[in-house]
Amino acid sequence: MMTARSLTLFFLLLLCGSMQLNAQKDSTFKKWRYVRIGVDLASVLGSFLSDENNRTEFQLDIAWKPDINLVAEFGFGDARVENENLRYKSSNQFIRLGLDKNFFNREFKGDKDNAFVGLRYGISAVKRQSATYFITDPIWGNTEGILPAEKFTAHWLELTGGLRMEIMKNIFAGWNVRAKTFLNPASFKELPPGYLAGFGRADQNTAFGFHFYLLYGFGKR
Amino acid sequence: MKATPSYLFFFRAMFLLGLAGFYGCTRDNICLTPTLINMRGGFYRADTSNTLRDSLQENAFILFGGDTLYIQVLKKSANLAFPLSQKSDSVTFYFVADSSNIIPGKIDTISLFYQRELKFISAACGFQTFYKINQVIYSQQVIDSIAIATSEVNTDLNTEHLKIILKP
Chain A
177 MMTARSLTLF FLLLLCGSMQ LNAQKDSTFK KWRYVRIGVD LASVLGSFLS
227 DENNRTEFQL DIAWKPDINL VAEFGFGDAR VENENLRYKS SNQFIRLGLD
277 KNFFNREFKG DKDNAFVGLR YGISAVKRQS ATYFITDPIW GNTEGILPAE
327 KFTAHWLELT GGLRMEIMKN IFAGWNVRAK TFLNPASFKE LPPGYLAGFG
377 RADQNTAFGF HFYLLYGFGK R
Chain B
33 MKATPSYLFF FRAMFLLGLA GFYGCTRDNI CLTPTLINMR GGFYRADTSN
83 TLRDSLQENA FILFGGDTLY IQVLKKSANL AFPLSQKSDS VTFYFVADSS
133 NIIPGKIDTI SLFYQRELKF ISAACGFQTF YKINQVIYSQ QVIDSIAIAT
183 SEVNTDLNTE HLKIILKP
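Here the protein sequences line up with chains A and B, keeping their order.
For the first sequence, our numbering begins at 177 and goes up steadily by one.
For the second sequence, our numbering begins at 33 and goes up steadily by one.
Put into structure tokens, the structure is as follows:
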């Protein structure tokens with residue numbers, strides 16, 4: 177079974193490997209000139225298919241070096257847990273900052289198709305409403321209780337890898353997979369939100385995600 | 033935009049692979065973790081050299097529960113296990129050493145006093161209760177003494193919490 181640690185090692189090796197691949201100098205590159213902004217369609221589709229959470233995620237990236245894009249991702253969402261053991265709602269806004277490192281050199285001026293690995297730091301403001309819990313106990317009798325509402329901040333790190341290509345002029349599509357781990361799981365261990373937009377299922381310290389971005393790019397290549 | 037056919041093929045193949053992985057990794061929201069935690073005890077007798085040995089119960093049972101009483105039959109077993117109450121800070125159970133001869137002189141009453149702590153399992157399973165046993169009060173019909181071997185009652189399945197030492 178691939179653990180979060182082995183995934184981290186895998187992505188770091190990819191990152192190092194990609195640095196070797198595109199170490200050549202690209203004199204046609206224009207720094208800070210090309211920006212892309214887009215939406216994560218996997219979140220939209222996931223929200224449509226799920227009756228437990230809604231989430232919307234956007235991405236903005238800007239070319240910093242020929243092989244490195246600085247990335248900001250932001251979004252919001254809400255989640256609902258409703259089963260025989262627990263009932264509560266939560267909502268959050270988040271921002272992730274980081275970079276994507278391309279694998280391959282540009283094949284021609286303005287070439288933006290590439291595979292990449294990246295790193296993100298995520299932070300989210302979370303609001304959890306009061307929660308009702310039930311514990312079924314046929315021997316001594318069932319238990320029921322209420323946990324008061326809570327606000328907290330979640331921090332996490334993500335490793336990502338994927339592909340992105342220009343499907344029409346200045347329109348890009350691309351997917352990436354992510355491994356995420358909380359930096360401060362202790363601060364909400366009493367009862368985490370059922371789903372944290374930007375992170376995923378928050379009842380475990382590690383989460384995996386899949387994103388499919390549709391982006392519009394503008395500026396000089 | 034000038035993607036080569038091989039790059040397009042690679043992209044599409046990887047996209048399908050990613051999509052398959054996404055659906056494959058989506059976990060069902062089903063609870064598979066037990067929400068009740070057992071307190072476990074072992075029966076012992078001291079041998080002639082005063083060393084404690086497991087004491088297999090041939091025909092014993094314990095009686096416990098709230099509104100409904102539960103019987104746990106102990107046949108050729110030196111162990112008992114049952115969940116503590118999550119509604120109160122103590123439980124009382126009864127140990128009957130010989131089910132074929134139920135007389136007051138062969139029944140012991142054992143009361144456990146403990147603290148409770150609510151622990152989150154998952155969104156699907158909700159909470160379970162951990163305990164810390166503080167005190168044991170017992171009668172001494174067939175029981176010689178009871179020691180708290182481990183006071184923390186949690187998800188560790190290999191821990192014995194009570195050592196019930198029977199009279200020789």
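Where is the CB? At the ideal position from N, CA and C, for every residue including glycine.
So, with DSSP's three-state summary, where would you put residue i?
i, result
"K138(B)", "helix"
"F152(B)", "strand"
"P361(A)", "helix"
"G370(A)", "coil"
"F41(B)", "helix"
"L335(A)", "strand"
"L194(B)", "strand"
"L84(B)", "strand"
"N186(B)", "coil"
"L275(A)", "strand"
"L48(B)", "helix"
"E228(A)", "coil"
"I347(A)", "strand"
"P115(B)", "strand"
"L64(B)", "coil"
"K327(A)", "strand"
"A199(A)", "Only weak support is given to the placement of A199(A): the predicted model assigns it a pLDDT of 48, under 50, and the value that follows is read from those uncertain coordinates. Reduced to three states, the DSSP call for A199(A) is coil."
"R209(A)", "coil"
"R352(A)", "According to the sequence shown, residue 352(A) is Asn rather than Arg. Looking at N352(A) - three-state DSSP - the assignment turns out to be strand."
"K241(A)", "strand"
"Q173(B)", "coil"
"F280(A)", "coil"
Go to residue i, then tell me how far its beta strand (DSSP E) extends in each direction, as first and last residue.
i, result
"V128(B)", "122-128"
"D254(A)", "244-258"
"K303(A)", "290-304"
"T312(A)", "Where T312(A) is concerned, there is no enclosing beta strand (DSSP E), given that its DSSP letter is neither H nor E."
"V105(B)", "101-106"
"R77(B)", "70-78"
"F384(A)", "382-395"
"G158(B)", "158-170"
"D379(A)", "Segment: none, D379(A) is in no beta strand (DSSP E) and carries neither H nor E."
"A181(B)", "Segment: none, A181(B) is in no beta strand (DSSP E) and carries neither H nor E."
"A92(B)", "92-97"
If I measure Cβ to Cβ from residue i and keep anything under 7 Å in the same chain, skipping five residues before and after, which residues do I get?
i, result
"F270(A)", "F250, G251, G298, I299, S300, A373, G374"
"N381(A)", "T357, F358, P361"
"L150(B)", "F159, T161"
"C157(B)", "C63, T65, T67"
"S87(B)", "F75, Y76, R77, A110, L198"
"P368(A)", "A378, D379"
"A181(B)", "E192, H193, L194, K195"
Comparing C-alpha positions only, which one of the options sits nearest to residue i?
i, options, result
"N186(B)", "S131(B), Q118(B), K138(B), I178(B)", "Q118(B)"
"K241(A)", "L275(A), G253(A), G395(A)", "L275(A)"
"D140(B)", "F114(B), F96(B), K107(B), A156(B)", "F96(B)"
"I213(A)", "S226(A), A349(A), V302(A)", "A349(A)"
"R346(A)", "F394(A), D237(A), W208(A)", "Sequence inspection shows Asn at residue 346(A); the Arg mentioned does not correspond to that position. Closest by alpha carbon: F394(A)."
"Y146(B)", "F41(B), E184(B), S171(B)", "E184(B)"
"L189(B)", "A179(B), I103(B), Y102(B), L112(B)", "L112(B)"
"S132(B)", "T191(B), V105(B), A155(B), E192(B)", "V105(B)"
"S267(A)", "G376(A), L391(A), Y389(A), A383(A)", "G376(A)"
"P136(B)", "V168(B), P200(B), Q172(B), G73(B)", "Q172(B)"
"I134(B)", "T182(B), L194(B), A92(B)", "A92(B)"
"R256(A)", "F224(A), S223(A), G370(A)", "G370(A)"
"I343(A)", "L390(A), F384(A), G321(A)", "L390(A)"
"A155(B)", "K265(A), G253(A), L236(A)", "K265(A)"
"W316(A)", "I69(B), S81(B), N61(B)", "I69(B)"
Under 6 Å Cβ to Cβ from residue i, same chain only, skipping five residues before and after it: list those, please.
i, result
"F386(A)", "A218, V353"
"K206(A)", "K396"
"I197(B)", "Y76, D176, S177"
"D79(B)", "R85"
"A413(A)", "Outside the shown range of chain A (177 to 397) lies residue 413(A), about which nothing can therefore be said."
"F328(A)", "V302, S363, F364"
"L116(B)", "M71, V123, Y163"
"T336(A)", "G294, N352, R354"
"T312(A)", "N318"
"L262(A)", "Y309"
"Q167(B)", "F145"
"L323(A)", "A307, L367"
"M178(A)", "Note that M178(A) scores a pLDDT of 47, beneath 50, so its modelled location is shaky and nothing firm can be said."
"A291(A)", "F279, L339"
Hey, could you find the ends of the alpha helix (DSSP H) residue i is sitting in?
i, result
"S223(A)", "217-225"
Closer than 8 Å by C-beta to residue i: which residues in its own chain qualify, once you throw out the five before and the five after it? Chain order, please.
i, result
"A199(A)", "Confidence in A199(A) is poor, its pLDDT being 48 and thus under 50, which makes the residue's placement unreliable; the coordinate value appears in the next sentence. Hits under 8 Å: none found."
"L333(A)", "L295, R296, Y297, G298, K356, T357, L359"
"K108(B)", "L88, Q89, E90"
"F234(A)", "I213, G214, V215, D216, E249, F250, G251"
"Y126(B)", "I94, L95, F96, I139, D140, T141, I142"
Does the beta carbon of residue i sit closer than 8 Å to a beta carbon anywhere in chain E?
i, result
"A78(B)", "Among the protein chains in the structure shown, which are A and B, there is no chain E."
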